[in-house]
Amino acid sequence: MPLSRFVAVATLALVSPWAAAQATDVNLARNLAATCANCHGTNGNVQGKDVKGLAGVPAANIIALMSAYKAGSIPNTTIMHQIAKGYTDDQIKLIAAYFAAQKPASR
Amino acid sequence: MNMHTISRRRLLAAGSALTGLSLAGCATTDSGPSIGRVVVVGGGFGGATAARYLKMWGGNVDVTMVDRNPQFVSCPISNLVLGGYKQISEVTVGYEGLKAMGVKVVQGEVTAIDTAGKRVRLADGTQLPYDRLVVSPGVDFMNEAIAGLATPAAQAKFLHSWKAGPQTVALRQQLTAMRDGGVVAISIPKAPYRCPPGPYERACMVAAYLKEHKPRSKVLVLDGNGEIVSKKGLFEKAFADRYKGILEYRANAELKEVDAGNGVAKLEFEDVKADVINVIPPQRAGDIARSAGLINQNNRWVGVNWLTMESTAVAGIHVLGDSTMSAPLMPKSGHMANQHAKVAAAAIVNLLKGEAVNATPVVMNTCYSFVSKTEVVHVASVHQYNAQQKQFLTVPGSGGVSAAASEVEGRNALSWANNIWSDMLSKA
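Sequence order for the protein chains is A and B. All residue numbers for the first sequence refer to the numbering used here, where the first residue is 1 and numbers rise by one. All residue numbers for the second sequence refer to the numbering used here, where the first residue is 1001 and numbers rise by one.
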């Protein structure tokens, strides 16, 4: 399936009832994104070059990639296909928006 | 050569100026009266992460962290020290970053928690009052479960090396001092214990060292469990393909007794004589959790409310990591303790401010294990909070293990270590 389709599906998720119900917790996106920090760095500022940094990456790119991981359409992946399946599309949307808004640390 | 130093100084100077500006800009959140005092007992994966995220997320919250050790020494990656592939200094990180963030770091021994008076007492007489307390003590050992292991002499001979630090270095010395042709026995307790794949990674690292340097020697894995507890197929393959003839694995080989005088490990039906015997004893929540009356599950672990990590035994005390009664399929790992800490930090800030806590927390785990000097296998899981069961449950279809050991995952494992150490200890 093309990535644009995943982006469209994830965008629809924005207006789902679940997302509306969660919108009251202003820290939910921050809390969800913090689960990624062990590998991708605090607030997406990764240490080293072996793993992707996420700070400042456009939300659509993160959503498309996570959707593709979920769908199993990324070859030669080691772990992200297993992790992506643990998050709902709504959660991925929140996480992507949070990282997109983070400033990459200058290094 | 001084270019780095100079540019770094300039960066630091610029950073200080920016900090001044940003502090002024954030006056409404970062200055003014403290929103509360939090004491953190334990500076490991759980405690250090909690201290750091309380500062990051809490605005003006007073955070004091107490640990008996002057520096953090990581259990993950420390098995490489046993193999001779890393030095202990490479798995050691100081607390300077936390201090720079305003965490008061105290080196000391917590002797008592006055839960009624909300004070932590240290061995030197210091008393630390708290509004909320974080207890992240890791595990302590049930040496009494193995006959002959209660004496200091036996514990000095049969090292656990299951808390990274001097014991790691001492076990490495036992391995390097051993004759070629010797036997190393590793005793694994029945689950649950800290770091489910850790003993099997250790067996691989010891076997890798022996294969290279003392090829007539053997590793005998005495597993108290009926089968390999974690990443079973991957470890079986590593044992068979890489360490055939060097590593022998025995299931249902629970250690009952040790004989320090003769260097003998006694199983139910057999005595095993070995040159080096690494005894990983059964474990329970750390001593301070027990003396504070926090242990309320199976006489070993601390029950928690997973929305806040608050103890179900004593209000106002948040317990993290290995000490907790794990949710189903939730490992006792440094990674998981770090994730617990973020749930707790968010909830503590909410509670201090009188806000509702996150009703839908998520935690996830990744454990990498080295099966050779460079090749690694993983296990991963994602745990969503289930409101009906008041429990974290793994998401069906998510998580899993490596397809095969690889050097790519070897690099990812070291990257993971650097990132999680930074996520708990570096100045944000």
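Each residue gets a CB set at the ideal place from its N, CA and C atoms; glycine is no exception.
Can you round the beta-carbon distance between residue i and residue j to whole angstroms, since I take them to be within the 8 Å contact cut?
i: residue 1097 of chain B; j: residue 1427 of chain B; result: 4 Å
i: residue 1315 of chain B; j: residue 1391 of chain B; result: Not quite, the Cβ-Cβ distance comes to about 20 Å (not below 8 Å), so this is no contact.
i: residue 1160 of chain B; j: residue 1281 of chain B; result: 6 Å
i: residue 1064 of chain B; j: residue 1104 of chain B; result: 4 Å
i: residue 1078 of chain B; j: residue 1168 of chain B; result: 5 Å
i: residue 1335 of chain B; j: residue 1420 of chain B; result: 7 Å
i: residue 1204 of chain B; j: residue 1372 of chain B; result: 7 Å
Suppose you measure from the CA of residue i to the CA of residue j; what does that come to, to the nearest Å?
i: residue 1100 of chain B; j: residue 1424 of chain B; result: 13 Å
i: residue 1410 of chain B; j: residue 50 of chain A; result: 10 Å
i: residue 89 of chain A; j: residue 63 of chain A; result: 8 Å
i: residue 1342 of chain B; j: residue 1299 of chain B; result: 26 Å
i: residue 1230 of chain B; j: residue 1378 of chain B; result: 10 Å
i: residue 1294 of chain B; j: residue 1301 of chain B; result: 8 Å
i: residue 1153 of chain B; j: residue 1183 of chain B; result: 21 Å
i: residue 1405 of chain B; j: residue 1047 of chain B; result: 32 Å
i: residue 1370 of chain B; j: residue 1201 of chain B; result: 6 Å
i: residue 1158 of chain B; j: residue 1365 of chain B; result: 31 Å
i: residue 1172 of chain B; j: residue 1164 of chain B; result: 12 Å
i: residue 1306 of chain B; j: residue 1337 of chain B; result: 13 Å
i: residue 1138 of chain B; j: residue 1408 of chain B; result: 30 Å
i: residue 1107 of chain B; j: residue 1346 of chain B; result: 25 Å
i: residue 1352 of chain B; j: residue 47 of chain A; result: 32 Å
i: residue 1218 of chain B; j: residue 1092 of chain B; result: 30 Å
i: residue 1110 of chain B; j: residue 1087 of chain B; result: 29 Å
i: residue 1223 of chain B; j: residue 1252 of chain B; result: 6 Å
i: residue 955 of chain B; j: residue 1245 of chain B; result: Not covered by the structure: residue 955 of chain B. The range shown for chain B is 1001 to 1428.
Run the CB neighbour count on residue i, radius 10 Å, all protein chains shown included, and call it buried at 16 or more, exposed below.
i: residue 1310 of chain B; result: buried
i: residue 1185 of chain B; result: buried
i: residue 1383 of chain B; result: buried
i: residue 1199 of chain B; result: buried
i: residue 1089 of chain B; result: exposed
i: residue 1269 of chain B; result: exposed
i: residue 1149 of chain B; result: buried
i: residue 1054 of chain B; result: buried
i: residue 1318 of chain B; result: buried
i: residue 1067 of chain B; result: buried
i: residue 1083 of chain B; result: buried
i: residue 1213 of chain B; result: exposed
i: residue 25 of chain A; result: buried
i: residue 1241 of chain B; result: exposed
i: residue 1188 of chain B; result: buried
i: residue 1291 of chain B; result: exposed
i: residue 74 of chain A; result: exposed
Please tell me whether residue i has its Cβ less than 8 Å away from any Cβ of chain B.
i: residue 22 of chain A; result: Caution applies to residue 22 of chain A, whose pLDDT of 49 falls short of 50 and renders its modelled position unreliable; the value that the coordinates give is listed next. Chain B, which has a Cβ nearer than 8 Å to the Cβ of residue 22 of chain A, makes this yes.
i: residue 28 of chain A; result: yes
i: residue 79 of chain A; result: yes
i: residue 72 of chain A; result: no
i: residue 41 of chain A; result: yes
i: residue 33 of chain A; result: no
i: residue 96 of chain A; result: no
i: residue 48 of chain A; result: yes
i: residue 101 of chain A; result: no
Looking at chain A, is there any beta carbon in it that lies within less than 8 Å of the beta carbon of residue i?
i: residue 1378 of chain B; result: yes
i: residue 1460 of chain B; result: In the structure as shown, chain B starts at 1001 and stops at 1428, and residue 1460 of chain B therefore has no counterpart that could be examined.
i: residue 1420 of chain B; result: yes
i: residue 1165 of chain B; result: no
i: residue 1409 of chain B; result: yes
i: residue 1060 of chain B; result: no
i: residue 1415 of chain B; result: yes
i: residue 1287 of chain B; result: no
i: residue 1366 of chain B; result: yes
i: residue 1412 of chain B; result: yes
i: residue 1382 of chain B; result: yes
i: residue 1152 of chain B; result: no
i: residue 1398 of chain B; result: yes
i: residue 1089 of chain B; result: no
i: residue 1395 of chain B; result: yes
i: residue 1015 of chain B; result: In this prediction, residue 1015 of chain B scores a pLDDT of 37, lower than 50, which makes its location untrustworthy; the coordinate-derived value is nonetheless stated afterwards. No, its Cβ sits nowhere closer than 8 Å to a Cβ of chain A.
i: residue 1402 of chain B; result: yes
i: residue 1361 of chain B; result: yes
i: residue 1271 of chain B; result: no
i: residue 1185 of chain B; result: no
i: residue 1140 of chain B; result: no
Identify each residue in the segment 81 to 92 of chain A for which the Cβ-Cβ distance to at least one residue of chain B is less than 9 Å, and report them in chain order. 81, 82, 83, 84, 85, 86, 87, 88, 91
If contact means a Cβ-Cβ distance below 8 Å, which residues of the segment 55 to 67 of chain A contact chain B? none
Chain A contacts from the segment 1321 to 1349 of chain B (Cβ-Cβ distance under 7 Å): 1335, 1338, 1339, 1342, 1346
Using Cβ-Cβ distances below 8 Å, what residues of the segment 1237 to 1259 of chain B are close to chain A? none
Note down, in chain order, all residues in the segment 1072 to 1085 of chain B with a beta-carbon under 7 Å from any beta-carbon belonging to chain A. none
Quick one, which residues of the segment 1120 to 1134 of chain B are near chain A if we go by CB-CB under 7 Å, in chain order? none
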